[in-house]
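Student: FYI, in mature numbering (1 follows the signal peptide of the UniProt record, and there is no 0) the residues of the sequence shown are -20 to -1, 1 to 296.
Each residue gets a CB set at the ideal place from its N, CA and C atoms; glycine is no exception.
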Amino acid sequence: MKRLHIVALVALLFASFEFGCLIQRQRDKLQVGEAHQPSAVQPRRVLRGIPKPDPLETAELENYLLKTSGLLEVRPPLQPAETGDAFLRLIPFQVLSWAPRIVNYPGFIDKARCEAIINLAKRSLHRSGLALGPGQKPVDQDNVRTSSGTFLSGHNDPDGVLAWLEERIAAATLIPASHGEPFNVLRYEHNQHYDSHMDTFDPKQFGPQRSQRIATVLIYLSDVEEGGETIFKREGLGNGNRVITDWRSCDDGFKYKPRQGDAVLFWSTHPGSTEIDRQGLHGGCPVTKGEKWVATKWLHSQRASYDRLAELARDH
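1) Keeping to the same chain, check which residues put their C-beta closer than 8 angstroms to that of A69; ignore five residues upstream and five downstream.
2) Return yes when the Cβ of V141 is within less than 7 angstroms of the Cβ of R193, no when it is not.
3) Could you tell me the boundaries of the alpha helix (DSSP H) in which S49 lies?
4) Give me the Cα-Cα distance between G263 and H106, rounded to the nearest whole angstrom.
5) So for H170, helix, strand or coil by DSSP?
6) Report yes if the C-beta distance between P80 and Q259 is below 7 angstroms; otherwise report no.
7) Any chance the segment 155 to 169 sits against the segment 126 to 134, with 3 or more Cβ pairs inside 8 angstroms?
8) So, helix, strand or coil for Q59, using DSSP?
9) What is the DSSP secondary structure of S248, reduced to helix, strand or coil?
10) Taking only the alpha-carbon atoms, compute the straight-line gap between H280 and W247 and give it to the nearest angstrom.
11) Can you tell me which of the three DSSP states H280 falls into?
12) Rounded to the nearest angstrom, what separates Y236 and I199 at their Cα positions?
13) Return yes when the Cβ of L46 is within less than 7 angstroms of the Cβ of L52, no when it is not.
14) Please report how far the alpha carbon of residue 297 lies from the alpha carbon of G252, in whole angstroms.
15) Under three-state DSSP, which class holds E206?
16) I want to check one thing, is the minimum distance from the CB of L132 to the heavy atoms of the ligand SAH below 6 angstroms?
17) So, is D257 buried or exposed, given that buried needs 16 or more other C-beta atoms within 10 angstroms?
18) Applying the 10 Å Cβ sphere with the 16-neighbour rule, what's the burial state of E209?
19) Identify whether W144 lies in helix, strand or coil by the three-state DSSP scheme.
20) Using the three-state DSSP reduction, which class does I199 fall into: helix, strand or coil?
21) Within 10 angstroms of its Cβ, does T38 collect 16 or more other Cβ (buried), or is it exposed?
Here's what the structure looks like:
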């Protein structure tokens, strides 16, 4: 009987040891899992003393994320080449389409800078024009383009907002600022629109081009209560030769709803060439409530010359 008690005691001790090991293994698993998952305590330690910014305050958000993520510690900026940057950038983007190539940059510019550009543009608004090919006559603009606008460059802006924006566009697109035309800042009021069109200058219509518009960046300076979408009527695989019968209708095609501070980049040429991509056809839907402000930046295949920019500004 005494021997049976000893055996039972040994078995109990062994079971207790196994149970203790099991508990420790579970604790170890939890600790490993916590190391790979966001912790409710860890962020408070990291964020202490650094106020959380408004997510639409572009520069503040970028600095905040770089500082609090730890990226600068594990991947500090490299020594740049002669023309590079000595700092990191965080520019979020979403690919909206591959046919044509359309990219959205949410919160690309903050509200204060949007309003500064609008106030600058208000001083010199005039009726928007249309580019005409050789031998073409002016058309009835009420049926094509009804906005008002103005051209602005960095030298028009003593506060440096436009220069800052040009540099940011160049970084996001990897197209040098010297390849861009001046900003065409536009205001669309009630029922104003821009029929679907191409931003490129087709040599068949406009003659040989020293430099082609290859891409466009639209900076949305305001929200729009209703309407005012940017529409791509030939978006989608196999739609490059789609026949358009109503150039103003917004009933079909891919539409982007303006959001203040967002930027949209789309390409008007095929990758690596100046061959026109017909799917880059786009238009501005009528504003049915409120107004719409947008800054357009056309980007060229070659460095833009002053004479050519002045010519384009007169035509547009």
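Tutor: Walking through what the data contain:
1) Here residue 69 refers to the residue found at position 89 of the sequence shown. Reading the sequence as shown, one finds Arg at residue 69 and not Ala. Cβ neighbours of R69 beyond the five flanking positions: E42, A151.
2) As a working mapping, residue 193 is identified with position 213 in the sequence shown. As a working mapping, residue 141 is identified with position 161 in the sequence shown. Contact: no.
3) If you number the sequence shown from 1, residue 49 lands on position 69. Unbroken alpha helix (DSSP H) run through S49: 38 to 49.
4) Residue 263 sits at position 283 when you count from the first residue of the sequence shown. Residue 106 sits at position 126 when you count from the first residue of the sequence shown. Answer to the nearest angstrom: the Cα atoms are 20 angstroms apart.
5) The residue labelled residue 170 in the question sits at position 190 within the sequence shown. Reduced to three states, the DSSP call for H170 is strand.
6) As a position in the sequence shown, residue 80 is number 100, starting the count at 1. As a position in the sequence shown, residue 259 is number 279, starting the count at 1. In this structure, P80 lies near Q259, with their beta-carbon atoms less than 7 angstroms apart.
7) yes
8) Against the sequence shown, residue 59 aligns to sequence position 79. Correct three-state label for Q59: coil.
9) As a first step, residue 248 must be located in the sequence shown, where it is residue number 268. If DSSP states are grouped into helix, strand and coil, S248 belongs with coil.
10) Walking along the sequence shown from the start, residue 280 turns up at place 300. Walking along the sequence shown from the start, residue 247 turns up at place 267. Taking the straight line from one Cα to the other gives about 11 angstroms.
11) Here residue 280 corresponds to residue number 300 of the sequence shown, with the count starting at 1. Residue state, collapsed to three classes: strand.
12) Translated into positions along the sequence shown, residue 236 becomes position 256. Translated into positions along the sequence shown, residue 199 becomes position 219. Cα to Cα, Y236 sits roughly 12 angstroms from I199.
13) Residue mapping note: residue 52 aligns to position 72 of the sequence shown, counting from 1. Residue mapping note: residue 46 aligns to position 66 of the sequence shown, counting from 1. Cβ atoms of L52 and L46: closer than 7 angstroms.
14) Missing from the structure shown is residue 297; the chain here goes from -20 to 296 and no further.
15) Taking the first residue of the sequence shown as position 1, residue 206 is located at position 226. E206 falls in the strand class under three-state DSSP.
16) Inclusion of the ligand SAH in the displayed structure is not the case, the ligand content being empty and no account of it being possible.
17) The residue given as residue 257 occupies position 277 in the sequence shown. Per the 10 Å Cβ criterion, buried.
18) In the sequence shown, residue 209 corresponds to position 229, counting from 1. E209 should be labelled buried.
19) Position 164 of the sequence shown, counted from the first residue, corresponds to residue 144. Helix, per DSSP.
20) The residue you call residue 199 lines up with position 219 of the sequence shown. Three-state result, I199: strand.
21) The residue labelled residue 38 in the question sits at position 58 within the sequence shown. Answer is buried; the Cβ neighbour count reaches 16.
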